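Residue numbers (this note's numbering): 4 to 206. Beta carbons: idealized from backbone N, C-alpha and C, even for Gly. Since the model is a prediction, treat every value here as computed from it, not as a measurement.
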Amino acid sequence: MHKTPDTTLVVMNMTPAHTVFIFPPTKLNLFDAITFQLQSAILQRIPILLINDHDWSVSAELNCVHEFIVATLAGYQHKHFAYTQNSDRSATVIDICKALGFPRKRFPLCGTYTNLAIRDTAVSLAQALPDSIVDVQRTACTSTNPHEEFSDSFWNRFSAPNVVITPQPEIYPWSASEDNQPLRFVAKARDHNRRNYGDQISL
Numbered sequence: 004m005h006k007t008p009d010t011t012l013v014v015m016n017m018t019p020a021h022t023v024f025i026f027p028p029t030k031l032n033l034f035d036a037i038t039f040q041l042q043s044a045i046l047q048r049i050p051i052l053l054i055n056d057h058d059w060s061v062s063a064e065l066n067c068v069h070e071f072i073v074a075t076l077a078g079y080q081h082k083h084f085a086y087t088q089n090s091d092r093s094a095t096v097i098d099i100c101k102a103l104g105f106p107r108k109r110f111p112l113c114g115t116y117t118n119l120a121i122r123d124t125a126v127s128l129a130q131a132l133p134d135s136i137v138d139v140q141r142t143a144c145t146s147t148n149p150h151e152e153f154s155d156s157f158w159n160r161f162s163a164p165n166v167v168i169t170p171q172p173e174i175y176p177w178s179a180s181e182d183n184q185p186l187r188f189v190a191k192a193r194d195h196n197r198r199n200y201g202d203q204i205s206l
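Structure follows, in structure tokens:
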């Protein structure tokens, strides 16, 4: 049996309202990467914190978050939905982790948008918790202008010694099971999203 890691996965702004203007191939790749993050976290019983700037209490998960996220998280107990109007969600992350007992050693961050909420949250969270690692999952994020993500200067804005940028989908180091189950997540998620949600990603 694997040890539960000192990690809380933070997913931001994964709603139809936030992804409606993303170019379809980019959106589908994002869906795949987010599904991979969620499934990896579920396998290891990692708490998942989903933060949006809508009120989750109105229509709860179903009307405020993409259907594929609801389907992936169905039955998973270690999750929490929250909302805030601030681009910097670090205070919300810290408060919820304290209240619910979620780990605060490592925070993989993903979702939208890299140049706004994710950047602001990553830097502030790293400064507020200098002994923690804030791990921005680069391929599981997208910007309002994805082209700028190819520039080194863009990623230099994540300036804090304990912020790391993970360039490829992360298989959590605790999930190296004998059957390599996590290695199948990406292919399975890609097939599932194309089969079930292809109609949701056309312009």
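In the DSSP assignment, residue 112 is bridged to 13, 139.
For residue 84 and residue 110, the gap between their C-alpha atoms comes out near 16 angstroms.
Counting only runs of 4+ residues, the alpha helix (DSSP H) found wholly inside the region 70-110 occupies 70-76, 93-103, in chain order.
Listed as beta-bridge partners of residue 55 by DSSP are 86. When the Cα atoms are used, residue 143 and residue 101 turn out to be separated by approximately 26 angstroms.
Distance from the Cα of residue 104 is smallest, within the candidate group 79, 69, 52, 87, for 52. For residue 37, there is no enclosing beta strand (DSSP E); the enclosing alpha helix (DSSP H) has its first and last residue at 27-46.
Between the region 87-96 and the region 35-51, the count of Cβ pairs shorter than 8 angstroms is below three; the stretches do not touch.
Straight through space, the alpha carbons of residue 153 and residue 160 are spaced by roughly 13 angstroms. A Cβ-Cβ distance of about 6 angstroms is found for the pair residue 113 and residue 14, placing them in contact under the 8 angstroms criterion. Burial check for residue 108: the Cβ neighbour count within 10 Å stays below 16, so the residue is exposed.
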